[in-house]
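Quick notes on the structure that follows.
In the numbering used here, the protein residues as written are 764 to 933.
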(Lines of atoms letter the chains of each structure in order from A and count residues from 1; the text may use other names and numbers.)
(Lines give C-alpha, C1' and ligand atoms only; values in the text may rest on other atoms or scores of the structure.)
Protein backbone atom coordinates (compact mmCIF):
# COMPACT_ATOMS: atom_id res chain seq x y z
CA UNK A 1 0.00 0.00 0.00
CA UNK A 2 2.72 2.49 0.92
CA UNK A 3 4.59 1.72 -2.32
CA UNK A 4 1.72 3.19 -4.31
CA UNK A 5 2.13 6.55 -2.54
CA UNK A 6 5.61 7.17 -3.99
CA UNK A 7 6.05 8.65 -7.47
CA UNK A 8 9.54 7.45 -8.36
CA UNK A 9 9.89 8.85 -11.92
CA UNK A 10 12.84 6.59 -12.74
CA UNK A 11 14.55 6.87 -9.36
CA UNK A 12 16.00 3.56 -8.19
CA UNK A 13 14.17 2.51 -5.02
CA UNK A 14 15.04 -0.67 -3.09
CA UNK A 15 12.02 -1.70 -1.03
CA UNK A 16 12.90 -3.67 2.10
CA UNK A 17 11.50 -7.20 1.98
CA UNK A 18 8.89 -8.03 4.64
CA UNK A 19 11.13 -10.53 6.43
CA UNK A 20 13.97 -8.01 6.60
CA UNK A 21 12.15 -5.13 8.27
CA UNK A 22 13.42 -4.38 11.76
CA UNK A 23 13.78 -1.75 14.46
CA UNK A 24 17.48 -0.96 15.01
CA UNK A 25 18.52 -0.35 18.62
CA UNK A 26 22.30 -0.13 18.10
CA UNK A 27 24.41 -0.25 14.95
CA UNK A 28 27.64 -2.02 15.86
CA UNK A 29 29.39 -2.00 12.49
CA UNK A 30 32.21 -4.29 11.45
CA UNK A 31 33.44 -6.64 14.13
CA UNK A 32 35.40 -9.86 14.38
CA UNK A 33 33.77 -13.27 14.57
CA UNK A 34 35.66 -13.86 17.84
CA UNK A 35 33.83 -10.98 19.54
CA UNK A 36 30.30 -12.26 18.77
CA UNK A 37 30.07 -14.36 21.97
CA UNK A 38 31.16 -11.42 24.12
CA UNK A 39 28.70 -9.09 22.38
CA UNK A 40 25.88 -11.60 22.90
CA UNK A 41 26.71 -12.00 26.61
CA UNK A 42 26.79 -8.22 26.97
CA UNK A 43 23.41 -7.78 25.26
CA UNK A 44 21.99 -10.57 27.45
CA UNK A 45 23.14 -8.66 30.56
CA UNK A 46 21.69 -5.42 29.18
CA UNK A 47 18.20 -6.82 28.56
CA UNK A 48 18.05 -8.75 31.85
CA UNK A 49 15.10 -7.46 33.85
CA UNK A 50 13.84 -5.18 31.07
CA UNK A 51 10.08 -5.47 30.50
CA UNK A 52 8.37 -6.39 27.24
CA UNK A 53 7.77 -3.12 25.37
CA UNK A 54 4.43 -2.26 23.74
CA UNK A 55 4.79 -0.20 20.57
CA UNK A 56 2.82 0.47 17.43
CA UNK A 57 3.79 1.44 13.92
CA UNK A 58 2.42 4.88 13.19
CA UNK A 59 3.17 7.58 10.65
CA UNK A 60 5.75 7.99 7.91
CA UNK A 61 9.01 9.85 7.46
CA UNK A 62 12.21 10.09 5.47
CA UNK A 63 15.92 10.67 5.84
CA UNK A 64 17.52 13.07 3.42
CA UNK A 65 20.65 15.04 2.65
CA UNK A 66 19.62 18.43 1.37
CA UNK A 67 16.80 17.82 -1.10
CA UNK A 68 17.83 14.24 -1.83
CA UNK A 69 15.78 11.62 -0.02
CA UNK A 70 17.81 8.49 0.76
CA UNK A 71 15.41 6.44 2.92
CA UNK A 72 11.71 6.12 3.66
CA UNK A 73 10.49 4.84 7.01
CA UNK A 74 7.47 4.22 9.20
CA UNK A 75 7.48 5.62 12.70
CA UNK A 76 7.02 3.98 16.06
CA UNK A 77 5.05 5.17 19.07
CA UNK A 78 3.97 3.72 22.40
CA UNK A 79 6.33 2.93 25.28
CA UNK A 80 9.11 4.99 23.72
CA UNK A 81 10.70 5.89 27.07
CA UNK A 82 11.09 2.17 27.89
CA UNK A 83 12.57 1.62 24.43
CA UNK A 84 15.02 4.49 24.94
CA UNK A 85 16.04 3.07 28.35
CA UNK A 86 16.81 -0.22 26.62
CA UNK A 87 18.83 1.54 23.91
CA UNK A 88 20.86 3.47 26.53
CA UNK A 89 21.45 0.29 28.55
CA UNK A 90 22.73 -1.59 25.49
CA UNK A 91 24.88 1.41 24.47
CA UNK A 92 26.43 1.70 27.94
CA UNK A 93 27.14 -2.04 28.22
CA UNK A 94 28.76 -2.22 24.76
CA UNK A 95 30.90 0.91 25.17
CA UNK A 96 33.62 -0.83 27.27
CA UNK A 97 33.98 -3.34 24.41
CA UNK A 98 35.04 -0.52 22.09
CA UNK A 99 31.67 0.34 20.53
CA UNK A 100 31.20 4.10 20.97
CA UNK A 101 28.03 5.47 22.51
CA UNK A 102 25.77 6.89 19.81
CA UNK A 103 25.83 10.70 19.88
CA UNK A 104 22.78 11.25 17.69
CA UNK A 105 19.31 11.39 19.23
CA UNK A 106 17.60 8.00 18.95
CA UNK A 107 14.72 8.09 16.45
CA UNK A 108 12.86 4.76 16.52
CA UNK A 109 11.73 3.81 13.01
CA UNK A 110 11.52 0.92 10.57
CA UNK A 111 13.17 1.59 7.21
CA UNK A 112 10.94 0.42 4.37
CA UNK A 113 12.90 1.73 1.34
CA UNK A 114 16.36 2.97 0.38
CA UNK A 115 16.84 5.33 -2.52
CA UNK A 116 19.82 5.43 -4.88
CA UNK A 117 20.79 9.08 -5.20
CA UNK A 118 23.43 8.72 -7.89
CA UNK A 119 20.80 9.62 -10.47
CA UNK A 120 18.80 12.83 -10.71
CA UNK A 121 16.32 12.40 -7.93
CA UNK A 122 12.81 13.22 -9.14
CA UNK A 123 11.15 11.48 -6.26
CA UNK A 124 7.78 12.82 -5.13
CA UNK A 125 7.06 11.55 -1.63
CA UNK A 126 4.43 14.12 -0.66
CA UNK A 127 1.63 11.55 -0.74
CA UNK A 128 3.76 9.07 1.23
CA UNK A 129 4.57 11.68 3.89
CA UNK A 130 0.86 12.47 4.31
CA UNK A 131 -0.31 8.86 4.40
CA UNK A 132 -2.40 7.90 7.40
CA UNK A 133 -3.20 4.37 8.48
CA UNK A 134 -4.47 2.56 11.53
CA UNK A 135 -1.72 2.01 14.10
CA UNK A 136 -0.26 -1.50 13.92
CA UNK A 137 0.48 -2.77 17.46
CA UNK A 138 3.57 -4.84 18.20
CA UNK A 139 5.31 -6.15 21.31
CA UNK A 140 9.08 -6.09 21.61
CA UNK A 141 9.74 -9.41 23.35
CA UNK A 142 13.24 -10.15 22.09
CA UNK A 143 16.38 -8.50 20.77
CA UNK A 144 18.33 -10.12 17.92
CA UNK A 145 22.00 -9.49 17.25
CA UNK A 146 22.01 -9.29 13.46
CA UNK A 147 24.69 -9.50 10.82
CA UNK A 148 23.90 -7.34 7.82
CA UNK A 149 25.36 -7.94 4.36
CA UNK A 150 24.62 -5.46 1.58
CA UNK A 151 24.01 -6.54 -1.98
CA UNK A 152 22.75 -4.67 -5.05
CA UNK A 153 19.23 -6.06 -4.54
CA UNK A 154 19.17 -5.15 -0.84
CA UNK A 155 20.51 -6.27 2.50
CA UNK A 156 20.55 -9.83 3.80
CA UNK A 157 20.34 -10.41 7.57
CA UNK A 158 21.56 -13.33 9.68
CA UNK A 159 20.62 -13.73 13.34
CA UNK A 160 23.73 -14.20 15.50
CA UNK A 161 21.98 -14.19 18.88
CA UNK A 162 18.53 -13.80 20.45
CA UNK A 163 17.84 -12.24 23.85
CA UNK A 164 14.38 -12.17 25.46
CA UNK A 165 12.95 -9.28 27.45
CA UNK A 166 10.67 -9.80 30.41
CA UNK A 167 11.34 -13.28 31.70
CA UNK A 168 14.71 -13.87 29.97
CA UNK A 169 13.64 -17.20 28.48
CA UNK A 170 17.05 -17.96 26.97
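Quick reminder that beta carbons are idealized off the backbone N, C-alpha and C, glycines included.
Under DSSP, the beta-bridge partners assigned to residue 839 are 820.
Closest option to residue 906, judged by alpha-carbon separation, among 892, 923, 918 and 872: 923. The bridge partners DSSP lists for residue 910 are 921. Check the Cα spacing between residue 819 and each of 846, 915, 879 and 918: the tightest is with 846.
By the CB criterion at 8 Å, residue 891 and residue 835 fall inside the cutoff. According to DSSP, residue 874 shares a beta bridge with 836. Residue 779 and residue 808 have their C-alpha atoms roughly 31 Å apart. Within the DSSP bridge table, the entry for residue 783 names no partner. Counted as a single uninterrupted DSSP element, the alpha helix (DSSP H) harbouring residue 806 occupies residues 799-810. Here the alpha carbons of residue 816 and residue 902 stand approximately 6 Å from one another.
Separation of the CB atoms of residue 875 and residue 788 is rounded to 18 Å, and the pair is thereby denied contact status at 8 Å.
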